[in-house]
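A short worksheet on the structure shown next.
Protein chains: 2
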Amino acid sequence: MSLLRSSLFTGVIRQHVEHAHLGHHLSRRAGTPAEASGFGMATAGPEPPGPLGSLGSTSQAMKKTIGHRGIDPTGETTYKKTTSSALKGAIQLGITHTVGSLSHKPERDVLMQDFEVMESIFFPREGSNLTPGHHYSDFRFKTYAPIAFRYFREMFGIRPDDYLVCSLCSEPLIELSNSGASGSLFYVSSDDEFIIKTVQHKEAEFLQKLLPGYFMNLNQNKRTLLPKFYGLYCIQAGGKNIRLVVMNNLLPCAVRMHLKYDLKGSTYKRRASAKERDKAFPTYKDLDFRQDLTDGLLLEADNHSALCKTIQRDCLLLQSFKIMDYSLLVGVHNMQQACQEQASRVAEAGATDQRRPPGQKPLYNTAMEAIQGEAGGMPSLDTEDQ
Amino acid sequence: MSLLRSSLFTGVIRQHVEHAHLGHHLSRRAGTPAEASGFGMATAGPEPPGPLGSLGSTSQAMKKTIGHRGIDPTGETTYKKTTSSALKGAIQLGITHTVGSLSHKPERDVLMQDFEVMESIFFPREGSNLTPGHHYSDFRFKTYAPIAFRYFREMFGIRPDDYLVCSLCSEPLIELSNSGASGSLFYVSSDDEFIIKTVQHKEAEFLQKLLPGYFMNLNQNKRTLLPKFYGLYCIQAGGKNIRLVVMNNLLPCAVRMHLKYDLKGSTYKRRASAKERDKAFPTYKDLDFRQDLTDGLLLEADNHSALCKTIQRDCLLLQSFKIMDYSLLVGVHNMQQACQEQASRVAEAGATDQRRPPGQKPLYNTAMEAIQGEAGGMPSLDTEDQ
Chain A
5 MSLLRSSLFT GVIRQHVEHA HLGHHLSRRA GTPAEASGFG MATAGPEPPG
55 PLGSLGSTSQ AMKKTIGHRG IDPTGETTYK KTTSSALKGA IQLGITHTVG
105 SLSHKPERDV LMQDFEVMES IFFPREGSNL TPGHHYSDFR FKTYAPIAFR
155 YFREMFGIRP DDYLVCSLCS EPLIELSNSG ASGSLFYVSS DDEFIIKTVQ
205 HKEAEFLQKL LPGYFMNLNQ NKRTLLPKFY GLYCIQAGGK NIRLVVMNNL
255 LPCAVRMHLK YDLKGSTYKR RASAKERDKA FPTYKDLDFR QDLTDGLLLE
305 ADNHSALCKT IQRDCLLLQS FKIMDYSLLV GVHNMQQACQ EQASRVAEAG
355 ATDQRRPPGQ KPLYNTAMEA IQGEAGGMPS LDTEDQ
Chain B
5 MSLLRSSLFT GVIRQHVEHA HLGHHLSRRA GTPAEASGFG MATAGPEPPG
55 PLGSLGSTSQ AMKKTIGHRG IDPTGETTYK KTTSSALKGA IQLGITHTVG
105 SLSHKPERDV LMQDFEVMES IFFPREGSNL TPGHHYSDFR FKTYAPIAFR
155 YFREMFGIRP DDYLVCSLCS EPLIELSNSG ASGSLFYVSS DDEFIIKTVQ
205 HKEAEFLQKL LPGYFMNLNQ NKRTLLPKFY GLYCIQAGGK NIRLVVMNNL
255 LPCAVRMHLK YDLKGSTYKR RASAKERDKA FPTYKDLDFR QDLTDGLLLE
305 ADNHSALCKT IQRDCLLLQS FKIMDYSLLV GVHNMQQACQ EQASRVAEAG
355 ATDQRRPPGQ KPLYNTAMEA IQGEAGGMPS LDTEDQ
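Chains as they are written, first to last, in the numbering used here: chain A, 5 to 390; chain B, 5 to 390.
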């Protein structure tokens with residue numbers, strides 16, 4: 005922790021850095037190597053997807069068969085032998101149903117028992133009294149702790165109709181092509197606000213066990229930078245369980261991050277690989293941060309102090325969860341550079357962002373706004389990550 | 005629950021009733037008769053003590069040897085063979101120490117693990133580096149979940165220095181003479197705000213297990229009428245463990261309650277006994293309520309609706325705790341009668357309340373203020389319960 009703080013906050017003077025976007029990036033449980041690579045709750049680890057149209061031949065080349073993730077003869081990604089398209093379909097049918105049926109249940113307080121609940125609904129291909137017909141194989145959709153996650157979504161200001169259903173279930177989910185080494189599959193909602201990630205059995209179990217502590221943190225540490233967990237589900241198909249977590253996208257593309265750092269507070273082998281550096285928008289690491297930003301980042305005194313306090317509180321919680329290998333994801337939006345980009349985009353007529361109309365604000369608070377404790381206005385900028 | 009509500013809120017018209025004071029009175033766990041009589045978390049079940057000076061010969065006559073509670077040859081109450089005076093001394097030394105040592109620990113968020121913590125400090129008669137000398141036998145003072153209870157006290161607006169220490173530890177504790185049939189010993193603080201009650205091993209264990217759910221309730225159900233738990237302690241002396249819970253006094257004497265009802269929502273044998281009715285200020289039961297207040301109690305529409313909602317939420321929590329035998333304690337302050345009493349007291353010159361200077365407000369919110377969701381002003385009245 006002290007290393008983390010010293011690398012972030014030593015002599016913070018850097019005038020042109022005007023928007024730092026931060027969030028914790030949980031990646032591993034202490035002492036449980038089997039779960040290590042899988043607990044990648046990060047939402048910005050994998051490269052953000054390009055505009056929908058570009059998910060073609062280039063992304064196929066990057067696909068790899070790792071763990072449960074595979075590729076079928078047609079070139080489509082699979083997870084535990086279920087095709088990505090069937091998985092996406094089941095996710096959308098399942099979430100639509102579970103959020104819809106929750107809306108008929110009266111509001112009530114979350115109880116300790118609610119964290120252990122699992123609701124289940126069967127989706128036969130031909131449809132049923134409760135579920136619509138579909139074109140995939142029969143599947144069962146299970147919702148972990150529905151009442152608890154409804155509470156979390158409310159705490160995060162997500163209204164069931166306007167946001168979760170619209171964002172996740174009315175528009176296609178986008179598969180992230182560069183899903184990293186964990187063998188997980190990542191999807192992002194069309195509006196770029198939600199990430200859906202496959203998790204292993206143990207990870208889902210672990211997350212469910214953490215929910216009471218997570219609840220307590222949300223009620224005490226309002227500015228927490230921990231990932232926002234919106235739902236935990238399991239799709240049972242073809243005798244396999246595919247578990248999924250829905251979280252916030254830490255770095256939605258609405259604000260272009262010119263620099264990204266994944267900081268662990270360690271200097272041991274903490275430099276981005278040559279391969280990572282070759283990317284258009286690499287995620288750098290601690291040693292790069294030290295080298296590139298010798299003066300650190302400039303934060304206003306109040307924000308600096310609030311951020312330090314929040315990181316301390318978050319770390320205390322992570323420590324209590326016995327999670328030790330997490331990182332702080334720092335995104336830097338360079339205002340000066342953004343203005344230049346905007347100007348050059350205006351010059352090239354016709355260039356538009358296909359994912360978010362210009363001028364549209366991100367739906368939910370950014371981490372920086374959370375740190376500041378208020379939803380300050382944010383400049384609306386076109387973004388192009390591809 | 006429906007019975008409870010119907011008996012309370014059917015046709016509520018009663019103009020002269022202007023202050024109803026309510027609170028849940030937990031008394032028993034479902035299906036565990038061994039703990040049944042002991043989980044009397046009520047704070048107004050036993051008769052409030054009279055002014056300090058009156059605790060003399062009359063109270064001795066009412067003492068009974070029940071369970072762990074006994075009387076020694078000098079006539080002093082004992083609990084597990086420890087005299088009441090030694091117990092009071094140990095309580096005050098222990099709480100002073102534990103609250104004092106907490107104040108040196110930095111504020112931090114409560115974690116799930118904090119509910120299971122038990123801190124222990126030894127008080128040798130001759131004193132130690134950490135503890136003062138005293139005139140009782142050596143004892144050990146254990147504090148359950150100190151960080152969690154610090155959080156609860158803060159939630160309840162109790163500052164460590166001004167309230168807990170002053171109320172509980174600087175002035176003598178008053179032993180309640182009419183401690184009921186549970187075999188528990190009750191103390192009230194001199195300012196009449198706090199109740200200390202001995203609890204059995206199983207009860208202390210049970211309460212500690214409930215703490216996470218209690219935490220969740222406080223964060224969601226701000227107007228809860230459940231008892232306020234301020235601390236749970238254990239005094240180890242002479243090879244015996246004496247466990248104590250500190251709670252709010254539901255009906256502090258600052259506001260005189262002209263009528264008191266202990267309502268369970270049942271009509272089976274729910275009439276105050278002849279012995280109870282003979283008391284100066286009896287606590288009546290459901291059948292008495294129905295008979296005496298045929299039109300119920302008048303509450304403003306907003307308060308009525310808030311109260312119903314709060315009772316529903318409280319009951320849901322109690323149900324989740326598998327507690328079924330609780331009651332709603334209703335205190336009625338009759339404004340008209342109070343004015344008459346005040347007038348007659350003014351007429352008799354020299355009559356003063358020894359426990360609270362006239363005009364002093366109770367320190368903490370009343371249940372009615374909690375229902376209303378604001379700390380409204382309350383008329384200050386002299387009270388005489390003896």
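Backbone N, C-alpha and C define an ideal beta-carbon position, used for all residues, glycine too.
Only a predicted model underlies this, so the values are computations on that prediction, with no experimental measurement involved.
Kindly list the residues whose CB is nearer than 8 Å to the CB of residue i, restricted to its own chain and excluding five residues on each side of it in sequence; keep chain order.
i        : result
Val16/B  : Since pLDDT at Val16/B reaches only 21, below the 50 mark, its modelled position is unreliable, and the value read off the structure follows with that caveat. Once the five neighbours on either side are set aside, the close Cβ partners of Val16/B are Asp299, Gly300, Leu301, Leu302, Leu303, His308.
Asp142/B : Phe126, Phe127, Pro128, Arg129, Ala241
In terms of alpha-carbon separation, which member of the options lies closest to residue i?
i        : options                                : result
Asp266/B : Leu254/B, Glu345/B, Leu177/B, Tyr237/B : Leu254/B
Leu333/A : Met116/A, Pro286/A, Gln117/A           : Pro286/A
Lys279/A : Thr271/A, Tyr288/A, Tyr272/A           : Tyr288/A
Pro176/A : Arg260/A, Phe145/A, Leu97/A, His205/A  : Leu97/A
Asn252/B : Lys232/B, Ser270/B, Lys268/B           : Lys232/B
His139/A : Thr87/A, Ile75/A, Asn225/A             : Thr87/A
Ser324/A : Leu134/A, Glu345/A, Lys213/A           : Lys213/A
Arg294/A : Ile125/A, Glu352/A, Arg144/A, Arg275/A : Arg275/A
Ile75/B  : Leu189/B, Ser141/B, Phe143/B           : Leu189/B
His262/B : Gln340/B, Ile151/B, Arg247/B, Glu352/B : Gln340/B
Leu211/A : Arg144/A, Glu120/A, Glu345/A, Ile151/A : Glu120/A
Ile1/A   : Ser174/A, Arg144/A, Glu111/A           : Any answer about residue 1/A is impossible in this case: the structure gives chain A only from 5 up to 390.
Buried or exposed, going by whether 16 or more other CB atoms sit within 10 Å of the CB of residue i?
i        : result
Ser277/B : exposed
Cys343/A : exposed
Asp113/A : buried
Asp118/A : buried
Ile264/A : First, the residue type needs correcting, since residue 264/A is Lys and not Ile in the sequence shown. So Lys264/A counts as buried.
Tyr155/A : buried
Ala208/B : buried
His205/A : exposed
Pro77/A  : exposed
Thr271/A : exposed
Lys273/A : exposed
Ser181/A : buried
Under 8 Å by Cβ, that's how I've got residue i and residue j pegged, so tell me the actual separation to the nearest angstrom.
i        : j        : result
Lys92/B  : Tyr191/B : 7 Å
Leu236/A : Phe160/A : No, Leu236/A and Phe160/A are not in contact; Cβ-Cβ is about 15 Å, not under 8 Å.
Val250/B : Ile178/B : Rounded, the Cβ-Cβ distance is 14 Å, inconsistent with contact.
Met122/A : Phe219/B : With 8 Å as the limit, Met122/A and Phe219/B do not qualify as a contact, their Cβ atoms being about 23 Å apart.
Tyr83/A  : Thr202/A : 6 Å
Leu230/B : Pro164/B : Not a contact, Cβ separation roughly 22 Å.
Ala241/A : Ala94/A  : 7 Å
Lys85/B  : Lys244/B : 7 Å
Leu115/B : Ile125/B : That pair is no contact at about 22 Å.
Arg317/B : Asn225/B : 5 Å
Could you give the distance in angstroms between the alpha-carbon of residue i and the alpha-carbon of residue j?
i        : j        : result
Ser89/A  : Thr228/A : 34 Å
Phe198/B : Ile239/B : 18 Å
Ile99/B  : Ala149/A : 39 Å
Lys326/B : Cys319/B : 10 Å
Pro216/B : Leu291/A : 42 Å
Ala347/B : Asp195/B : 25 Å
Arg395/B : His337/B : Because chain B here runs from 5 to 390, residue 395/B falls outside it and cannot be looked at.
Lys268/B : Leu311/A : 50 Å
Asp296/B : Ile162/B : 37 Å
Thr81/A  : Arg247/A : 16 Å
Val350/A : Pro256/A : 22 Å
Arg144/B : Ile315/B : 39 Å
Apart from the five residues on each side of it in sequence, which residues of its chain come closer than 7 Å, Cβ to Cβ, to residue i?
i        : result
Gly1/B   : The shown model of chain B, from 5 to 390, leaves out residue 1/B, and the question about it has no answer.
Leu281/A : Sequence inspection shows Arg at residue 281/A; the Leu mentioned does not correspond to that position. Answer for Arg281/A: no residue qualifies.
Val169/A : Thr100, Val103
Lys313/A : none
Could you pull out every residue in the same chain whose Cβ sits closer than 6 Å to the Cβ of residue i, ignoring the five residues on either side in sequence?
i        : result
Gly187/B : Ile70, Gly71, His72, Arg73
Lys193/B : At residue 193/B the sequence reads Ser, which differs from the Lys that was named. Result list for Ser193/B: Ser171, Leu172, in chain order.
Arg157/A : Tyr234
Leu322/B : Tyr330
Does the beta carbon of residue i fall short of 6 Å from some heavy atom of the ligand MN?
i        : result
Leu172/B : The model depicted lacks the ligand MN and carries no ligand whatsoever.
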